[in-house]
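I have placed the structure first, in the form of structure tokens, so that the comments after it can refer back to it.
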Amino acid sequence: MVKIMNELLQIKGVGETSVQKLHQNHIDSIGDLIHTYPYKYEINSIKSIHEMVMKEEITIEATLEKSSKVMFIRKHLTKIILTVYSDEIHFQVSIFNREFLKNSLLPGNRYVIKGRFQTPLQMVASEIIKKENYIEGIIPVYRLENISSKVYLKWVLEGLKSKASYFTERLPQEVLEKNHLVSIFDFYHIVHSPLSMDDVFLATNRIKYEELIDFFLRLEMMKQLQKRMFVKSKTYQIDKVKKYIDTLPFELTEDQKLVTNEIFRDLKSDRQMNRLLQGDVGSGKTVCAMIASYAVVTASEQVAIMAPTEILAYQHYLVFKDSLEQFGVRISFLSSNVKGKEKAKVLALLKSGEIDIIIGTHSLIQEDVEFKNLGFIVIDEQHRFGVNQRKTLRKKGYTPDVLFMSATPIPRTLAITIFKDMEISSIKALPHGRKPVETVISTFEEMDLVFKRMMDQLDFKHQAYIIVPLIEENDDSKFISIDEFKAIIEANIPDNYVVDYLYGKMKSTEKENVLNRFYQNQTQILVSTTVVEVGVNVPNATFMIILNATKFGLSQLHQLRGRVGRSNHQAYCYLLTDGFYDEESRLDILVKTTDGFKISEADLKFRGPGEIFGNEQTGIPRFKMANFINDKALIESAIEDAKTVMFSSDPKAKSMCKITLASLETYHLD
Ligand code: ADP
Ligand code: MG
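Residue numbers (the working numbering): 1 to 670.
Here you go:
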């Protein structure tokens, strides 16, 4: 039993039964009452009968001429038929299961009737309300059990009269003004009884903003509290680094220069680097990592480069060797497939400091690997790694600077929430002279034509990828399998072109061989599953066919497509579908743009961040109202404000920080 001295009893119209009902809805105080917002608003407006469209819902006003008796049609089904007129048009209205209306239907009275016309003179009504009881305008709808929205609103309005203490504004004036937010006093009134859709917008905007500012303030304060380890500043030799940059076969882009400077600032600082390098596919992140790695080597510290797949790690190994060995840098490769004596040798050299840069997969930070002097770690394609790498390293006694690289361009607003405590660097522009990949959606029927286009490219001595999603043999779908496809290829490709196949399940030495042959243009066509999705870099490849393209997410297709268009030659990507899927419109964005940010936004709209990044791993907040894509401007503003609020001397800002801090006390800081 709820105690009788409930403050809700002060409200006009609320008796003990109402208190019980409110309690069922978890409303036990005037505060609860006021803070239970409508979940939607209905717009009530009366139309003229002349605006009627058959079978569409309409609300009209009519005068009752007569009503029938309640007719019992069958069990649980009763009907009343009314004869009414509106604007001199006489018609019939049927309403079902409303026998209780019987006594209130009086000829000559005016009623508001909501329903659908089945024939021009016959309407089936869903609601009949006496004209004087009908409220025109925007009606709040609450999600409550056993309490009508109308009654609830009455109580709320009474409650609002009684409780001035709820109107204490908690947001600083500065923040209210900057974001055009309504004051808390106005807010409570318009959220419960808005007069216009503008009011609804103002109310929801304030709810969203409060959600966001609370979240970002928390984030900002967590960042401050997180202990960033002190490390030795790296004494790299800048003239050597400059000389190395001069040997690169290209000029760095402005973005690359900027990012490199940011990384160097971190290397020099006595705080541990924790930086995310974001850049679209092909934007040239690797070279930035290479320059930084070399700098660390000139400071006599070791570097570890980690990639999510063996293929990618091995490719980095080749690229680093090719570029840095001439400067006397000692580079080795390590993966779970390096075994026995060979592995023992690498481990010994790492421990004695005779390897400068070690490149490999996850296994690099596993139990038995010891370094002499690990100073810098680069982690490529971060979101494919678990979040615990850094902790593992710290447990082993290493506090290297860490650079994460990610080719999944996500809106800054989302990046900040996912990569919480990292600094973010971005490469936005592609190297000069790159042409956007020409992208075409095609069907299997047009395969001949697509193959012809591919031959054109091969005749220019270019290479091609064909991407086949992994389809089980016995999958009964219409999708084509790699084996079926082998047969098609063998029938269509002239013998002078060499075709190779790459699967995830292949032995790693085999994979390396396949990729090496492709790098060296010994094979012209690489038929592959999505194992080439991240990172593989063969600039001479200018053509790609993606089979069963509708099977993939947009971001994934963008990554795959990013394997071509890595030189100044025009590249092409054919997205093959079976032509039956209306999902194709989803693929249109890939035809229209090669801007990874736009594509990931579209992907986020279709799938939501959780599905793309995994909720567990990223801790993406689920806001009740705010939305990462639609409320970008508000999010940007809240991120900015969180910083202002944290350092503001405004008493309201201070109080917000104090409350946030208290809520963080229980939070485990690592
Ligand atoms: P991603 O950012 O996708 O990892 P990579 O680092 O693999 O891209 O670079 C893609 C290609 O662009 C490589 O072949 C690289 O040598 C080349 N590249 C990088 N920077 C430049 C530049 N400034 N000008 C021309 N080519 C560049
Ligand atoms: Mg890369």
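Just so it is clear, CB atoms sit at the ideal spot from N, CA and C, and this is done for glycine as well.
Because the structure is a prediction, the values reported are computed rather than measured.
Identity of the residue in the options nearest residue i by Cα
i: residue 540; options: 572, 132 and 120; result: 572
i: residue 446; options: 142, 193, 578 and 190; result: 578
i: residue 397; options: 379, 371 and 404; result: 371
i: residue 547; options: 469, 489, 499 and 410; result: 469
i: residue 155; options: 33, 329 and 218; result: 33
i: residue 563; options: 443, 519, 270 and 360; result: 519
i: residue 497; options: 465, 426 and 484; result: 465
i: residue 90; options: 96, 66 and 103; result: 66
i: residue 42; options: 142, 69 and 10; result: 142
i: residue 279; options: 6, 643 and 595; result: 595
i: residue 652; options: 119, 170, 115 and 146; result: 170
i: residue 296; options: 373, 436 and 13; result: 373
i: residue 165; options: 206, 173 and 184; result: 184
i: residue 193; options: 28, 442 and 37; result: 37
i: residue 638; options: 298, 527, 176 and 307; result: 176
i: residue 107; options: 64, 126 and 147; result: 64
i: residue 449; options: 593, 549, 574 and 421; result: 574
i: residue 56; options: 124, 186 and 73; result: 124
i: residue 130; options: 182, 146, 526 and 59; result: 59
i: residue 504; options: 135, 264, 310 and 76; result: 310
i: residue 379; options: 403, 394 and 631; result: 403
i: residue 300; options: 355, 341, 17 and 40; result: 355
i: residue 434; options: 104, 82, 111 and 566; result: 566
Residue i, buried or exposed, once every other Cβ within 10 Å from all chains shown has been counted against 16
i: residue 454; result: buried
i: residue 387; result: At residue 387, the pLDDT of 49 sits below 50, so the modelled position is not reliable; the number obtained from the coordinates is stated separately. Exposed, because fewer than 16 other Cβ atoms sit within 10 Å of the Cβ of residue 387.
i: residue 669; result: Residue placement at residue 669 is poorly supported in this model, since its pLDDT is 44, which falls under 50; the coordinates are not used for a value here.
i: residue 168; result: exposed
i: residue 275; result: buried
i: residue 655; result: exposed
i: residue 524; result: buried
i: residue 543; result: buried
i: residue 462; result: buried
i: residue 290; result: buried
i: residue 205; result: buried
i: residue 615; result: Caution applies to residue 615, whose pLDDT of 46 falls short of 50 and renders its modelled position unreliable; the value that the coordinates give is listed next. The residue in question, residue 615, is exposed, as its Cβ has fewer than 16 Cβ neighbours within 10 Å.
i: residue 256; result: buried
i: residue 432; result: exposed
Cβ of residue i within 8 Å of any chain B Cβ
i: residue 456; result: Looking for chain B here will not work: only one protein chain is present.
Euclidean distance between Cα positions of residue i and residue j
i: residue 333; j: residue 568; result: 31 Å
i: residue 506; j: residue 514; result: 10 Å
i: residue 150; j: residue 281; result: 55 Å
i: residue 1; j: residue 158; result: Reliability fails at residue 1, whose pLDDT of 49 lies under 50, so the model's placement of it is uncertain and the value that follows must be treated cautiously. Approximately 24 Å between the Cα atoms of the pair.
i: residue 236; j: residue 416; result: 30 Å
i: residue 600; j: residue 658; result: 37 Å
i: residue 8; j: residue 21; result: 12 Å
i: residue 353; j: residue 331; result: 11 Å
i: residue 19; j: residue 26; result: 10 Å
i: residue 139; j: residue 267; result: 59 Å
i: residue 716; j: residue 623; result: This structure does not reach residue 716, given that the chain is present from 1 up to 670, and the question cannot be answered.
i: residue 324; j: residue 317; result: 10 Å
i: residue 335; j: residue 286; result: 20 Å
i: residue 459; j: residue 312; result: 28 Å
i: residue 345; j: residue 338; result: 10 Å
i: residue 241; j: residue 409; result: 29 Å
i: residue 198; j: residue 191; result: 11 Å
i: residue 494; j: residue 554; result: 33 Å
i: residue 178; j: residue 98; result: 52 Å
i: residue 384; j: residue 250; result: Caution is warranted here: a pLDDT of 46 is assigned to residue 384, below 50, making its placement in the model unreliable, and the coordinate value is therefore given only provisionally. Near 30 Å, if we compare the C-alpha coordinates of residue 250 and residue 384.
i: residue 122; j: residue 72; result: 20 Å
i: residue 46; j: residue 126; result: 15 Å
i: residue 617; j: residue 364; result: Reliability of the predicted coordinates at residue 617 is poor, the pLDDT of 46 falling under 50, and the value obtained from them is presented with this limitation in mind. Distance between the alpha carbons of residue 617 and residue 364: 21 Å.
Opposing strand residues paired with residue i [DSSP bridges]
i: residue 139; result: 42
i: residue 698; result: Past the edges of the chain, shown from 1 to 670, lies residue 698, and the structure says nothing about it.
i: residue 464; result: 525 and 543
i: residue 682; result: What the structure shows of the chain is the stretch from 1 to 670, and residue 682 is not part of that stretch, so it cannot be assessed.
Rounded Cβ spacing between residue i and residue j (contact assumed at less than 8 Å)
i: residue 305; j: residue 357; result: 7 Å
i: residue 368; j: residue 347; result: 7 Å
i: residue 664; j: residue 225; result: 7 Å
i: residue 160; j: residue 189; result: 7 Å
i: residue 425; j: residue 259; result: 4 Å
i: residue 414; j: residue 628; result: 5 Å
i: residue 489; j: residue 527; result: 7 Å
i: residue 101; j: residue 137; result: The Cβ separation is near 24 Å, so there is no contact.
i: residue 349; j: residue 441; result: Between residue 441 and residue 349 the Cβ distance is about 51 Å, and since that is not below 8 Å, they are no contact.
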